[in-house]
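My numbering puts the sequence shown at residues 98 to 192.
Below: the structure, in structure tokens.
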Amino acid sequence: MARRLDSRAPGFAEAFAALVADTRENAADVSAEVAAIIARVRAEGFAAVADFTRRFDQLDIGEADVEVAPAERAAAAARVAPAVRDALALAAERI
């Protein structure tokens, strides 16, 4: 059953932490799948990424499709609000 959380509601942080903890405890099979995906990407590089993109997103990509120039990355990062950057950093930590 889906749960809906409102980040503005009192107790959001506790409810979110409980949701994340609950999800991690019940997801051993997901952890194994993720570990296998990571291992394959480490071993095969972009070829594995392209294969997973076809499989999960039904999209054929080439390296040129996903390449982002350093100047483009810097310009995009400069447009991101600090709160959003903080949220992304937190998400990356959790991953």
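Quick reminder that beta carbons are idealized off the backbone N, C-alpha and C, glycines included.
query: CB contact flag (Ala147, Val138, <8 Å); result: no
query: Backbone CA spacing between Glu122 and Ala175 [nearest angstrom]; result: For Glu122, the predicted model reports a pLDDT of 49, less than 50, meaning its position is unreliable; a value from the coordinates is still stated below. Spanning the two alpha carbons is a distance of roughly 37 Å.
query: Secondary structure, alpha helix (DSSP H): runs of 4+ residues fully inside the region 125-167; result: 125-141, 143-154 and 160-163
query: Helix, strand or coil at Val177 according to DSSP, with G and I counted as helix; result: coil
query: Where Leu102 sits in the DSSP three-state scheme; result: coil
query: Distance between Val181 and Ala110 (C-alpha atoms, nearest Å); result: 17 Å
query: Straight-line Cα distance separating Ala184 from Glu190; result: 10 Å
query: Neighbourhood of Ala112 by C-beta, 7 Å cutoff - its chain only, sequence neighbours within 5 removed; result: Leu102
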